[in-house]
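K.L.:
Protein chains in written order, with the working numbering: chain P, 1171 to 1525; chain W, 1171 to 1525.
There are 2 protein chains.
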Amino acid sequence: MDFDGIPGLTSAINASLTEFFDQQAPYLEEIGPELGPVAGALGHFLLDSGKRLRPLFAAIGYLGTGGELTPEIVRGVASLELVHVCALIHDDVMDGSGIRRRAPAIHKQFETLHEERGLHGAGEQFGVAAAILIGDLALVWAAKMLHESGAPAKQILGSLPIYDEMRVELMAGQYLDTYEQALASESVERSLKVARYKSGKYSIERPLHFGATLAPQFEQEQLEIYSNYGLPLGEAFQLRDDLIGVFGDPLVTGKPAGDDLREGKRTVLVATTLSKASTSEREMFLRNFGRPDVNLGQIDTMREIIIETGALAELEILIEEMTLTAQAALKSVGITEQAASLLDEMAVAATTRTS
Amino acid sequence: MDFDGIPGLTSAINASLTEFFDQQAPYLEEIGPELGPVAGALGHFLLDSGKRLRPLFAAIGYLGTGGELTPEIVRGVASLELVHVCALIHDDVMDGSGIRRRAPAIHKQFETLHEERGLHGAGEQFGVAAAILIGDLALVWAAKMLHESGAPAKQILGSLPIYDEMRVELMAGQYLDTYEQALASESVERSLKVARYKSGKYSIERPLHFGATLAPQFEQEQLEIYSNYGLPLGEAFQLRDDLIGVFGDPLVTGKPAGDDLREGKRTVLVATTLSKASTSEREMFLRNFGRPDVNLGQIDTMREIIIETGALAELEILIEEMTLTAQAALKSVGITEQAASLLDEMAVAATTRTS
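1) Counting only beta-carbon separations shorter than 8 angstroms, does W:A1248 have a partner in chain P?
2) Where does P:P1196 fall in DSSP's three states?
3) Please state the DSSP three-state secondary structure of W:I1230.
4) Quick one: what's got a C-beta closer than 6 angstroms to P:A1406's C-beta in the same chain, skipping five residues either side?
5) Per DSSP, which one or two residues make a beta bridge with W:I1326?
6) So, for W:R1376: in the same chain, excluding its five sequence neighbours on each side, which residues have a beta-carbon less than 8 angstroms away from its beta-carbon?
7) What first and last residue would you give for the alpha helix (DSSP H) that runs through W:L1409?
8) If you draw a straight line from the alpha carbon of W:L1223 to that of W:L1205, how long is it in whole angstroms?
9) Using a 10 Å radius around the Cβ and a threshold of 16 neighbouring Cβ atoms, would you call P:P1203 buried or exposed?
10) With DSSP as the reference, identify every bridge partner of P:R1270, one or two as the case may be.
11) Are the C-beta of P:F1417 and some C-beta of chain W separated by less than 8 angstroms?
12) At 9 angstroms on the CB atoms, spell out the chain P contacts of W:G1291, in chain order.
13) Looking at chain P, is there any beta carbon in it that lies within less than 8 angstroms of the beta carbon of W:E1359?
14) Buried or exposed: where does W:G1504 fall if 16 or more other Cβ atoms within 10 Å of its Cβ makes it buried?
15) Is it true that the CB of W:G1381 sits closer than 8 angstroms to the CB of W:G1231?
16) Might you give, ordered along the chain, the residues of its own chain that have their beta carbon closer than 8 angstroms to the beta carbon of P:K1512, omitting 5 neighbours on each side?
17) Relative to chain P, which residues along the region 1268-1287 of chain W have a C-beta separation below 9 angstroms, given in chain order?
18) Name the two residues that bound the continuous alpha helix (DSSP H) containing P:V1422.
19) If we ignore side chains and look at the alpha-carbon of each, how far apart do W:D1218 and P:A1211 end up?
20) Under the assumption that P:S1329 contacts P:A1248 (Cβ atoms under 8 angstroms), give the Cβ distance between them as a whole number of angstroms.
21) Under the assumption that P:G1415 contacts P:T1443 (Cβ atoms under 8 angstroms), give the Cβ distance between them as a whole number of angstroms.
22) With DSSP as the reference, label W:V1464 as helix, strand or coil.
23) Between which two residues does the alpha helix (DSSP H) containing W:S1361 stretch?
24) Which same chain residues end up closer than 7 angstroms to W:F1459 when comparing Cβ atoms and leaving out the 5 residues on each side of it in sequence?
25) What's the gap between the Cα of W:E1515 and the Cα of P:S1369?
26) With respect to the alpha helix (DSSP H) encompassing W:A1496, which residues constitute its N-terminal and C-terminal limits?
27) Touching or not, the region 1258-1270 of chain P and the region 1288-1299 of chain W, by the rule of three or more beta carbon pairs under 8 angstroms?
28) Along chain P, which residues have their Cβ under 8 angstroms away from the Cβ of W:M1516?
29) For P:V1440, go through chain B and note every residue whose CB falls closer than 9 angstroms to its CB, in chain order.
30) Express the C-alpha separation of W:F1191 and W:L1198 in angstroms, rounding to a whole number.
31) Take P:Y1367 and list the residues in its own chain whose beta-carbon comes closer than 7 angstroms to its own, dropping the five residues that flank it on each side.
32) Who are the neighbours of P:Y1367 on chain W, taking C-beta pairs under 9 angstroms?
33) Identify which residue in W:R1245, W:I1243, W:K1278 and W:P1241 has its Cα closest to the Cα of W:I1259.
34) Would you check if the distance between the CB atom of P:Q1325 and the CB atom of P:P1241 is smaller than 8 angstroms?
35) Might you give, ordered along the chain, the residues of its own chain that have their beta carbon closer than 7 angstroms to the beta carbon of P:M1454, omitting 5 neighbours on each side?
36) For the alpha helix (DSSP H) holding W:A1441, just list the boundary residues, first then last.
Below, the structure is given as structure tokens:
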């Protein structure tokens, strides 16, 4: 996903993350040189080129109120990336996913460190412990980066209620997702609810609200426009994610082909497929779904069933409809024209991306 | 540990935790009834009778500046208990400990829920995932409780730098501890450093600082007195923990006898024992140390070695010395007499406790 709506914004966000990391990492190593790899693990997420989706939405949420972006506000919105880093690191532990952004997941990296240094005990448990703590630290660093952003105190305080809400919803949504996987639910409605919490609220609506409440002034009406835009777009975003998880190009996504099928992820796409499949298609699909040792031929068979049942087409239509609904919300006059036009662009970028 | 220095303070802290829980739990269940057990798990920690050590120290830290306790400030300091709940829940996952406060640890509770509801996938992984998220949620609830405490905005903002510092140090200290265990280190010096971060700073010094910075006004000198008191006392506190982990009465601690020996925990007590043991004592000790299937007779043998090497006596002396050092710091006139006298009492309570 590329976004060039505000030239230099993504690089300003990246620069502020780098600056924060450069301040914090030496402090950790001062506590103990053993913490070098902990800092390094977080650096990997902060210094690489993530999409910075949530900081971008927060920045636009701020702009929509009429506020002008300052380096302090950029720091404040960039801090959302660290909340996301916590979610990613803990998510990989919970899923047992071994790969993230073309590199071993953090718990795998520390399992390797355990082995290389010839440490005692179970390497796997050490990796998990390290990843839990590094995720926790990311969540704390996020708050610290916001608190120290230099944005006016009144504005920081004003943003905290939404900030807390967003983080509660994130954890609740992650639990719903985990529970949904364990239920092996085939309900389209239930999967959509998870999508709503995991992405609708957390990835788009709340970052927009956060940005707005970080502004010197904002109107309740602006928050409503952001909800009307963010919730459907977030669902569309998550559905695109479902499709990428099944049909994505490994060279682009950095994850193995058909990863979600191998993991047996209960997505809206899978629920839709199963609701439309014939008995024999259903059997064929479930035979290989969630098998860690599934091969490429079997993945292709599952993909074909997704296409032939019409589930793929149905999701594409749903994505388009929800994107249009999101874009329609921008017709209201409550937010600045600049923000409306940027959000319009973001809607396309977020739902047509390939990784 | 009993503390009656300020009649009603512990119950006021408990009441504010109950109040917060009663507000938040319904909100979670509104997101989804599946979140009922998540709320319940946190309720277990908030509604039971923990020692509330960190809130108490924070309350006294506040009083020492001359501030008067209000219900809003009690809420603010009580929120530290939720940071600690996060640490406990994640700690149990990292250690693979099955029992906490006489009940199954959270990850075990959710493993059981997985089984009872006949959910799919590995129950153990589900339990770990749930515990990671519930710990994360506790950390977020902690911040939310502080932000919404109703304490004056300026004072909340003033406390955030220390609050963040404390949380970074907590995660760093936990990693150092995990690493230390994996190193199977026998260095007394290294174990003391871990004790310093895990308890000295996190459990006592920083809560005192947090309370002070939450006050309408505080002096740098007061923070220094709290450091001079908190750091040695924190170490003494941790050493008492080491002793309870080996010699504690299961009826009082709620944990199995000799739990730390079974887990093979690398504490200052163990490092001291090994540094003083003869070759044969050392061999006998290490033969059973860290064996999950160790029996009571073998635990008794290890305890005898700890006593006969003089390690037990050495720790008791160290605890006494550090407690005296902590108490001596209270002779400075920078904090209120009331706080100095309360801290004097707390020093005794924290280092002579039996659980």
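Positions of the beta carbon are idealized from the N, C-alpha and C atoms, including for glycine.
For clarity, every value in this text was computed on a predicted model and none was experimentally measured.
P.N.:
So, to answer that:
1) No - not a single Cβ of chain P is within 8 angstroms of the one on W:A1248.
2) P:P1196 falls in the helix class under three-state DSSP.
3) helix
4) I1489, M1492, T1493 and T1521
5) BP columns for W:I1326 are empty, so no partner.
6) I1332, E1335, M1336, E1339 and G1400
7) Q1390 to F1417
8) Straight-line Cα distance between these residues: approximately 29 angstroms.
9) exposed
10) P:A1273
11) no
12) Q1351, A1352, A1354, G1434 and G1460
13) Taking Cβ atoms only, chain P never reaches closer than 8 angstroms to W:E1359, which makes this a no.
14) buried
15) Yes.
16) A quick correction: the sequence has Leu, not Lys, at residue 1512 of chain P. Excluding positions up to five away in sequence, the list reads G1175, I1176, I1230 and L1233.
17) H1284 and R1287
18) P1420 to T1423
19) 37 angstroms
20) About 14 angstroms; that fails the 8 angstroms criterion.
21) Not really, about 13 angstroms apart at Cβ, beyond 8 angstroms.
22) coil
23) V1358 to A1365
24) L1431, G1434 and M1472
25) 51 angstroms
26) A1481 to A1499
27) yes
28) Here the premise fails: no neighbours, minimum Cβ distance about 26 angstroms.
29) No chain B is part of this structure, whose protein chains are labelled P and W.
30) 10 angstroms
31) E1339, A1342, G1343 and L1346
32) Correct list: I1201 and G1202.
33) W:K1278
34) no
35) T1471 and I1475
36) Here the alpha helix (DSSP H) through W:A1441 covers V1438 to K1446.
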